[in-house]
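Quick note, my numbering runs 870 ahead of the 1-based positions in the first sequence.
Working notes, beginning with the structure itself.
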Amino acid sequence: MILRTHYSGDINAEMDGKEVTLAGFAHETRDLGGIAFLVLRDRKGLAQITLVKKLLGKEAFKSARSISRESVVLVKGTVKAEPKAPRGFEILPGEVQVLNPAQVPLPLDPTEKVECELDTRLDARFMDIRRPSVLAAFEIESAVLESLRGFFRENAVTEVFTPKIVAAATEGGTDLFPISYFEKEAFLNQSPQLYKQMLMGAGMDRVFEIGPIFRAEEHDTRRHLNEAVSIDLEVSFADDKAVMEILEQAVAGAYRHVAENCRYQLEVLGLDLKVPSLPFRRITYSEALGLAADKAGAKMQWGDDLDTETERFLGQSIGEHYFLTDWPSSIKPYYTLPYEDHPEVCRGFDLMHPRMELASGAQRVHDYEQLVGRIKEKGLDPDGFEFYLKAFRYGMPPHAGWGLGLSRLVMTMLNLENIRDAVIFPRDRKRLVP
RNA sequence: GUCCGGAUGGUGUAGUGGCCCAUCAUGAAAGCCUGUCGAGCUUUCGACCCGGGUUCGAAUCCCGGUCCGGGCGCCA
871 MILRTHYSGD
881 INAEMDGKEV
891 TLAGFAHETR
901 DLGGIAFLVL
911 RDRKGLAQIT
921 LVKKLLGKEA
931 FKSARSISRE
941 SVVLVKGTVK
951 AEPKAPRGFE
961 ILPGEVQVLN
971 PAQVPLPLDP
981 TEKVECELDT
991 RLDARFMDIR
1001 RPSVLAAFEI
1011 ESAVLESLRG
1021 FFRENAVTEV
1031 FTPKIVAAAT
1041 EGGTDLFPIS
1051 YFEKEAFLNQ
1061 SPQLYKQMLM
1071 GAGMDRVFEI
1081 GPIFRAEEHD
1091 TRRHLNEAVS
1101 IDLEVSFADD
1111 KAVMEILEQA
1121 VAGAYRHVAE
1131 NCRYQLEVLG
1141 LDLKVPSLPF
1151 RRITYSEALG
1161 LAADKAGAKM
1171 QWGDDLDTET
1181 ERFLGQSIGE
1191 HYFLTDWPSS
1201 IKPYYTLPYE
1211 DHPEVCRGFD
1221 LMHPRMELAS
1231 GAQRVHDYEQ
1241 LVGRIKEKGL
1251 DPDGFEFYLK
1261 AFRYGMPPHA
1271 GWGLGLSRLV
1281 MTMLNLENIR
1291 DAVIFPRDRK
1301 RLVP
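This is how it looks when you write it as structure tokens:
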């Protein structure tokens, strides 16, 4: 049995006279003596419950108007068209029931009248998410996932799950979280990269995975997390250019889906979402260095990874999504395919939003000998990759793919200040609870 | 990790040596009020991160610590 018949947002003045049952939280009350207004909040909005002393009787009126803020309430009543009420209707209750009272004082103000620091909000995240603008971001995140899954389905991509508990630091470099796994040491996986490539060798042809990744890096910024959700794609018989087109379509499609299906949430956030136009600009790494060199003080050498300052400069001058392509092979991972005629440059790319990197991808090395050579060049030991390399000895299709950060996509889409605003229970350098 | 800034009622803040048994808003408690919609009005409640020091006197200055924010670094 579901207790409510309607959400607040589903009710309008045309429903005058209809019996409804609403369930939610007591957002606030305004008590005028002989009449009082109880505002009920659920995930679709607010509804005014009008309490009239003469209609309810003295006792019922007294108890209804003294409900503490944020208590869980159930209201059975009649919709009444009322021009004086917000949104043109109010609920005249037959019964107001407190299903569970809230203690006072509250850890923060869910009506958003008083500002609240991020740290305080995260400590009481359950209460923070009651704030409509916070909830709106997570509902939009869900819509983004719905859009992406739909897009993958249309393109005949198979959804898979790969292990998050792995045996070794499979890619070298990045710090992994060690865990205890019975009598063995194990790690939380930093990326599904090696597994999705192995699935190309398995003949699955096109796979995607949406799942958590873990990085033990000590970064401490507004755009990094130690646990994140990655959207990964890998496609056989495709090159880097092909998967870049898939990526830009996926991103633009997510924007379009949100613009069309999340009007209420966008209104709550005060956003006029603009769908980025396709295709995104393609800029090579060398061109990017040239652009940055025009700016005084740029001291990037060819072969350096782009520093934050250069990245920001490029973002500001371009002002929309763009791809950075043709990176130096030396700064991309071993599985990135170098160009045949000039191997110092590789078929790796990053998808950039003016504020930050959103995704990175590449055409992969699919030749066994070349892959072993690249692993050695990076100073890694091929023996540690045997489980992966094995898949390259028995026929590996050429393939390409990418990984896209979900929270960064949502953060940049909604212009959120901090990536923690795009994660329900974020894990960062210092936070492990809630 | 590093540089800079910060920590004052439940929440957000004002307060640069005495004018502070600490400001304002929100909140909470009690009361008045029949159309509020950030309702209004009256009364009340509730705080200087921890430890040490300087000083006649410290929320305020100094030292150490803890925690938080921002920048950078790190980011296969």
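In this text, a Cβ means the ideal position worked out from N, Cα and C, and glycines have one as well.
All of these numbers come straight from a predicted model, not from anything done at the bench.
8 Å CB neighbourhood of Thr-938 in its chain, flanking five on each side removed: Your numbering for residue 938 matches position 68 in the first sequence. Reading off the sequence shown, one finds Ser at residue 938, where the question assumed Thr. The answer, listed in chain order, is Ala-896, Pro-971, Ala-972, Gln-973, Val-974.
First through last residue of the alpha helix (DSSP H) which encompasses Met-1283: Sequence index remark: in the first sequence, residue 1283 carries index 413 (1-based). Its alpha helix (DSSP H) spans residues 1276-1283.
Limits of the alpha helix (DSSP H) - the one that Leu-988 falls within: Taking the first sequence and counting its residues from 1, the one referred to as residue 988 is at position 118. Taken as a continuous stretch (DSSP letters only), the alpha helix (DSSP H) holding Leu-988 covers 988-993.
Supposed close pair Tyr-1205, Val-1235 - CB separation, criterion 8 Å: The residue you call residue 1205 lines up with position 335 of the first sequence. The residue you call residue 1235 lines up with position 365 of the first sequence. Going by Cβ atoms, the distance from Tyr-1205 to Val-1235 rounds to 6 Å, so yes, they are a contact pair.
Nearest to Ser-1187 (by Cα), restricted to the options Pro-1213, Asp-1175, Leu-1159: Stepping through the first sequence from its first residue, residue 1187 is reached at position 317. Residue Leu-1159 is the option with its Cα nearest to Ser-1187.
According to DSSP, residues forming a beta bridge with Ser-1050: As a position in the first sequence, residue 1050 is number 180, starting the count at 1. According to DSSP, which records beta bridges pairwise, Ser-1050 is partnered with Glu-1055.
Residue from Lys-932, Ala-1270, Phe-1262, Pro-1203 whose Cα sits closest to the Cα of Lys-1246: Stepping through the first sequence from its first residue, residue 1246 is reached at position 376. The residue with the shortest Cα to Cα distance from Lys-1246 is Pro-1203.
Length of the line joining the Cα atoms of Phe-1295 and Gly-1265: By 1-based counting over the first sequence, the position of residue 1295 is 425. By 1-based counting over the first sequence, the position of residue 1265 is 395. Approximately 42 Å, taken between the alpha carbons.
When Thr-899, Leu-1286, Leu-1117 are compared against Tyr-1192, the one with the closest alpha-carbon: Along the first sequence, one-based indexing puts residue 1192 at 322. Ranking Thr-899, Leu-1286, Leu-1117 by Cα distance to Tyr-1192 puts Leu-1117 first.
Runs of beta strand (DSSP E) lying entirely within the segment 1229-1281, each at least 3 residues, in chain order: 1269-1275
Of the residues Lys-1260, Gly-964, His-1269, the one placed nearest Phe-931, counting alpha carbons only: Residue mapping note: residue 931 aligns to position 61 of the first sequence, counting from 1. Ranking the options by Cα distance to Phe-931, first place goes to Gly-964.
Those runs of the alpha helix (DSSP H) which lie wholly inside the segment 969-1024 and span at least 4 residues: 988-993, 995-998, 1002-1024
Limits of the beta strand (DSSP E) - the one that Ser-1106 falls within: Translated into the one-based positions of the first sequence, residue 1106 becomes position 236. Here the beta strand (DSSP E) through Ser-1106 covers 1097-1106.
Cα-Cα separation between Arg-1085 and Ser-1100, rounded to whole angstroms: Looking up residue 1085 in the first sequence gives position 215. Looking up residue 1100 in the first sequence gives position 230. About 12 Å.
Closest by C-alpha distance to Arg-1182, when choosing among Pro-977, Leu-1161, Val-1280, Ala-1261: Translated into the one-based positions of the first sequence, residue 1182 becomes position 312. Comparing Cα positions, the closest option is Leu-1161.
Check whether Ser-941 and Val-968 have beta carbons under 7 Å apart: As a first step, residue 941 is located in the first sequence; it is residue number 71 there, counting from the start. As a first step, residue 968 is located in the first sequence; it is residue number 98 there, counting from the start. Contact flag set, yes.
Asp-1174 versus Gln-1067 - alpha carbon distance: Looking up residue 1174 in the first sequence gives position 304. Looking up residue 1067 in the first sequence gives position 197. For Asp-1174 and Gln-1067, the distance between alpha carbons rounds to 27 Å.
C-beta atoms of Leu-1103 and Gly-1271 nearer than 7 Å: Taking the first residue of the first sequence as 1, we reach residue 1103 at position 233. Taking the first residue of the first sequence as 1, we reach residue 1271 at position 401. Yes, the Cβ-Cβ distance between Leu-1103 and Gly-1271 is below 7 Å.
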